[in-house]
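Student: To start, I am sharing the structure in question, which I have written as structure tokens.
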Amino acid sequence: MACNQVFEDELHHYLNHELTYEEEINLKHHIMSCRACQKHYQELKRVDQKLSDIKDVEVPSDLKCNIMAQLPKDSRFKRGRKIVKEHPMISAAVAFFIMLFISTLMNYHSNQQMSLSKHEGVVTQGDRVIIPEGEIIEGDFIVRNAEVVLEGQIRGNLTLVNSQVIDHTIHHGDQFNKYNHHVEGKVVEIDQYVHWIYHKAENEIKSFMTFVTP
Amino acid sequence: MDFRLNQLIKQVKKGNHEAFGEIIDNYQHAIYQHCYRMLGNHHDAQEMTQETFVRAYTNIQTFKKKNKFSPWLYRIATNLSIDWMRKKKPIHILDQPVREDQQQTLLDQINSEEKTPEERFETKELNETIQEVLLTLPTKYRSVIVLRYVRDLSLQEIAEVLDLPVGTVKTHLHRGREALREKLVEVNRS
Ligand SMILES: [Zn+2]
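Heads up: the sequence lines are chains A and B, in that order.
Number 210 in full-length UniProt numbering belongs to position 210 of the first sequence; there are no gaps in the numbering.
Number 11 in full-length UniProt numbering belongs to position 11 of the second sequence; there are no gaps in the numbering.
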């Protein structure tokens with residue numbers, strides 16, 4: 001044991017590197033002349049050395065896996081469910097647009113072939129669609145990837161997707177009145193995918209809105 | 001605080017497992033060393049390290065931005081380890097009598113084993129003894145000693161981990177060293 005408590009404390013402060021230069025000199029002087037403190041110092045120094053020599057051990061390789069397996073479920077999914085619960089309308093709308101986008105995309109890609117609204121009396125020749133003279137289509141009419149020969153009448157709208165009207169009866173005059181004789185509704189020409197989606201979305205939204213707000 | 005760590009914690013608060021995985025990568029070594037020296041064996045160290053990280057994850061909302069992360073983690077590990085030792089029978093205490101009716105302690109047994117002093121010096125002295133003796137320390141001293149020597153934390157950092165005044169940390173460090181000194185002298189006396 002150190003000869004008194006003050007020197008014992010000093011020894012610890014020394015190990016903590018807390019002594020000033022002068023304090024250290026004084027302590028060392030004392031240690032040289034006091035056997036009790038010398039022994040105490042050596043014993044403490046050995047403890048200090050042994051503790052400092054402690055080597056790191058290897059971490060088990062399955063540690064991280066075990067932790068990850070014990071974590072509560074990823075709550076980002078929980079949050080998703082919460083949003084659905086709190087905002088059913090917004091969630092439904094988001095889900096609807098995702099569905100719409102996917103179905104449109106699929107539609108578009110599977111419809112490089114010519115197609116048209118079903119209607120008796122409409123004649124197809126290759127990729128040409130002929131609405132013969134005297135034929136009257138009561139509703140809307142949609143044509144995709146085709147040339148349209150328009151000789152009959154459409155009471156609703158005519159939508160042309162990647163299609164054009166080749167009208168042999170030739171109406172002179174401006175573009176806007178080109179179809180007036182044959183189409184009572186609007187004529188919409190869509191020849192790009194983005195437009196097609198927009199157009200489709202516009203109609204879907206209308207029907208969606210009438211669905212949610214009857 | 002480290003920018004990346006801040007980002008990760010933000011992600012973990014949103015419940016992101018992947019971000020927490022990165023935190024585990026960064027701290028598992030440190031926490032494992034701490035637990036191993038506190039508890040003295042791999043089985044318990046693994047158990048407590050895992051529990052530390054699971055607790056950190058489930059309590060991440062209580063972690064405030066102004067706090068430092070690693071002292072927070074060390075504190076969880078220390079508290080869990082101390083609780084664990086309390087629940088578990090203290091099988092490592094060398095000073096306990098081996099049997100109720102005997103006065104001989106485990107320490108006496110180690111000392112009286114049939115070995116030459118040289119052999120004892122080599123096997124015990126090098127690395128085993130210090131860990132065994134460490135385990136005989138009261139947990140409040142052991143925590144400070146392990147954080148100081150094994151984890152190389154400053155006294156100020158240890159004070160943060162244990163939520164104690166720096167003065168108290170110093171006292172524990174000194175008493176811990178003294179206790180170790182006495183035990184080592186005891187072990188070597190034969
Ligand atoms: Zn002295």
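A virtual CB, placed ideally from N, CA and C, is assigned to each residue, including glycine.
Computed from a predicted model, the values in this text were never measured in an experiment.
Could you check the C-alpha separation between Ser207/A and Val129/A for me, to the nearest Å?
Tutor: In the first sequence, the residue the question calls residue 207/A occupies position 207. In the first sequence, the residue the question calls residue 129/A occupies position 129. Cα to Cα, the separation comes out at about 28 Å.
Student: Taking 7 Å as the threshold (C-beta atoms), are Ser61/A and Tyr149/B in contact?
Tutor: For the purposes of this step, residue 149/B is identified with residue 149 of the second sequence, where counting begins at 1. For the purposes of this step, residue 61/A is identified with residue 61 of the first sequence, where counting begins at 1. It is not a contact, given that the beta carbons lie outside the stated cut-off.
Student: Quick check on Ile31/A - is its C-beta less than 7 Å from some C-beta in chain B?
Tutor: What you label residue 31/A is simply residue 31 of the first sequence in a count that begins at 1. No, Ile31/A lies away from the interface with chain B (no Cβ there is under 7 Å from its Cβ).
Student: On the premise that Ala69/A lies in contact with Cys37/A, defined as a C-beta separation below 8 Å, what is that separation, rounded to the nearest angstrom?
Tutor: In the first sequence, counting from the first residue as 1, residue 37/A sits at position 37. In the first sequence, counting from the first residue as 1, residue 69/A sits at position 69. 55 Å between Cβ atoms; not a contact.
Student: Quick one: Cα of Val187/B to Cα of Pro138/B, how far?
Tutor: Position 187 of the second sequence, counted from the start, is the residue given in the question as residue 187/B. Position 138 of the second sequence, counted from the start, is the residue given in the question as residue 138/B. In a straight line, the C-alpha of Val187/B is about 18 Å away from that of Pro138/B.
Student: Please report the Cβ distance between Ser143/B and Met48/B, rounded to the nearest whole angstrom; I am assuming they are in contact, meaning their Cβ atoms lie under 8 Å.
Tutor: If you number the second sequence from 1, residue 143/B lands on position 143. If you number the second sequence from 1, residue 48/B lands on position 48. That belief does not hold up - the Cβ atoms of Ser143/B and Met48/B are roughly 13 Å apart, past 8 Å.
Student: Check whether the Cβ of Glu119/B lies closer than 7 Å to any Cβ atom in chain A.
Tutor: Numbered from 1 along the second sequence, position 119 holds the residue referred to as residue 119/B. Because Glu119/B sits at a pLDDT of 47, beneath the cut-off of 50, its placement in the model cannot be relied upon, and the following sentence gives the value as read from the coordinates. For Glu119/B, the answer is no, since every Cβ of chain A falls outside 7 Å of its Cβ.
Student: So Ile54/A contacts chain B; which residues on that side make the cut at Cβ distance below 8 Å?
Tutor: For this step, residue 54/A is matched to residue 54 along the first sequence. Per Cβ cutoff of 8 Å: Arg37, Asn127, Ile130, Gln131, Tyr149 and Val150.
Student: Check whether the Cβ of Phe69/B lies closer than 6 Å to any heavy atom of ligand 1, and answer yes or no.
Tutor: Position 69 of the second sequence holds residue 69/B. Checking the Cβ of Phe69/B against ligand 1 gives no.
Student: Any chance you could list the residues with Cβ under 7 Å from a heavy atom of ligand 1, keeping chain order?
Tutor: After applying the 7 Å Cβ criterion, the set is Ala2/A, Cys3/A, Asn4/A, Phe7/A, His30/A, Cys34/A, Ala36/A and Cys37/A.
Student: Since I believe Ala201/A is in contact with Leu116/A (beta carbons under 8 Å), could you give me their beta-carbon distance rounded to a whole number of angstroms?
Tutor: Along the first sequence, one-based indexing puts residue 116/A at 116. Along the first sequence, one-based indexing puts residue 201/A at 201. About 21 Å separates the two Cβ atoms, so there is no contact after all.
Student: Return the chain-ordered list of same chain residues with a C-beta closer than 7 Å to the C-beta of Cys134/A, the five sequence neighbours on each side being excluded.
Tutor: For the purposes of this step, residue 134/A is identified with residue 134 of the first sequence, where counting begins at 1. Reading off the sequence, residue 134/A comes out as Gly, not Cys. The residues are Gly152.
Student: Between the alpha carbons of Val98/B and Lys55/A, how many angstroms are there, rounded?
Tutor: Translated into the one-based positions of the second sequence, residue 98/B becomes position 98. Translated into the one-based positions of the first sequence, residue 55/A becomes position 55. Note on Val98/B: pLDDT 44, under 50, position unreliable in the model; the coordinate value appears next. Between Val98/B and Lys55/A, the C-alpha separation is close to 30 Å.
Student: So, at 7 Å on beta carbons, what are the nonlocal neighbours of Lys158/B in its own chain, with the 5 sequence-adjacent residues on each side left out?
Tutor: Along the second sequence, one-based indexing puts residue 158/B at 158. The amino acid at residue 158/B is misidentified as Lys; the sequence shows Ile. Answer for Ile158/B: Val144, Leu147, Arg148 and Val169, listed in chain order.
Student: With C-beta atoms as the reference, is Val12/B less than 7 Å away from Phe3/B?
Tutor: What you label residue 12/B is simply residue 12 of the second sequence in a count that begins at 1. What you label residue 3/B is simply residue 3 of the second sequence in a count that begins at 1. The answer is no: Cβ separation not under 7 Å.
Student: Between Ile137/A and the rest of its own chain, which residues show a CB-CB distance below 6 Å, the 5 nearest in sequence each way excluded?
Tutor: Residue mapping note: residue 137/A aligns to position 137 of the first sequence, counting from 1. Closer than 6 Å at the Cβ level, and outside the excluded window around Ile137/A, lie His119 and Ile154.
Student: Tell me whether Gln61/B is buried or exposed, calling it buried when 16 or more other Cβ atoms sit within 10 Å of its Cβ.
Tutor: By 1-based counting over the second sequence, the position of residue 61/B is 61. That one is exposed.
Student: For chain A, find out if any of its Cβ atoms is closer than 7 Å to the Cβ of Ile9/B; answer yes or no.
Tutor: On the second sequence, residue 9/B is found 9 positions in, with the first residue counted as 1. Answer no: the Cβ-Cβ gap between Ile9/B and chain A never drops below 7 Å.
Student: Can you round the beta-carbon distance between His40/A and Glu10/A to whole angstroms, since I take them to be within the 8 Å contact cut?
Tutor: The sequence position of residue 40/A within the first sequence is 40, counting from 1. The sequence position of residue 10/A within the first sequence is 10, counting from 1. That pair is no contact at about 10 Å.
Student: Determine, for Val59/A, whether the minimum Cβ-Cβ distance to residues of chain B falls below 7 Å.
Tutor: Position 59 of the first sequence holds residue 59/A. Yes, its Cβ sits closer than 7 Å to a Cβ of chain B.
Student: For chain B, is any of its Cβ atoms less than 7 Å away from the one on Asn4/A?
Tutor: The count along the first sequence starts at 1 and reaches residue 4/A at position 4. Not one chain B Cβ lies under 7 Å of Asn4/A.
Student: Residues of chain B with CB closer than 9 Å to the CB of His12/A, please, in chain order.
Tutor: In the first sequence, residue 12/A corresponds to position 12, counting from 1. Correct list: Lys170, Leu173, His174, Arg177 and Glu178.
Student: Per DSSP, Val150/B forms a beta bridge with which residues?
Tutor: Your numbering for residue 150/B matches position 150 in the second sequence. BP columns for Val150/B are empty, so no partner.
Student: Taking Arg144/A as the reference, which of Cys65/A, Asn162/A and Met32/A has the closest Cα?
Tutor: The residue labelled residue 144/A in the question sits at position 144 within the first sequence. Residue Asn162/A is the option with its Cα nearest to Arg144/A.
Student: Give a yes or no on whether the minimum CB-CB distance between Arg189/B and chain A is below 7 Å.
Tutor: Numbered from 1 along the second sequence, position 189 holds the residue referred to as residue 189/B. So, not an interface residue.
Student: Nearest to Gln131/B by alpha carbon, out of Lys183/B, Leu153/B and Thr58/B?
Tutor: Walking along the second sequence from the start, residue 131/B turns up at place 131. Looking at the Cα atoms, Lys183/B is the closest of the given residues.
Student: Suppose the cutoff is 7 Å on Cβ atoms and the five residues either side in sequence are ignored; what does the same chain contact list for Cys34/A look like?
Tutor: Mapped onto the first sequence, residue 34/A falls at position 34. Taken in chain order, the residues that qualify are Cys3.
Student: At a CB-CB cut-off below 8 Å, which residues of chain B make contact with Gln125/A?
Tutor: For the purposes of this step, residue 125/A is taken as residue 125 along the first sequence, with counting starting at 1. The contacting residues do not exist; Gln125/A stays about 59 Å from chain B at best.
Student: Taking just the CA atoms, how far does Tyr14/A sit from Glu24/A?
Tutor: The residue you call residue 24/A lines up with position 24 of the first sequence. The residue you call residue 14/A lines up with position 14 of the first sequence. The alpha-carbon atoms of Glu24/A and Tyr14/A are separated by roughly 7 Å.
Student: Can you confirm whether Phe7/A, when its beta carbon is compared against all beta carbons of chain B, has any partner nearer than 7 Å?
Tutor: By one-based count along the first sequence, residue 7/A stands at place 7. No, its Cβ sits nowhere closer than 7 Å to a Cβ of chain B.
Student: Given Ile82/B, which residues of its chain have a CB within under 7 Å of its CB, disregarding the five upstream and five downstream residues?
Tutor: Translated into positions along the second sequence, residue 82/B becomes position 82. For Ile82/B, where only same-chain residues beyond five positions count, the Cβ hits under 7 Å are Thr139.
Student: List the endpoints of the continuous alpha helix (DSSP H) containing Arg142/B.
Tutor: As a working note, residue 142/B is residue 142 in the second sequence. From DSSP, the alpha helix (DSSP H) with Arg142/B extends over Thr139 to Ile145.
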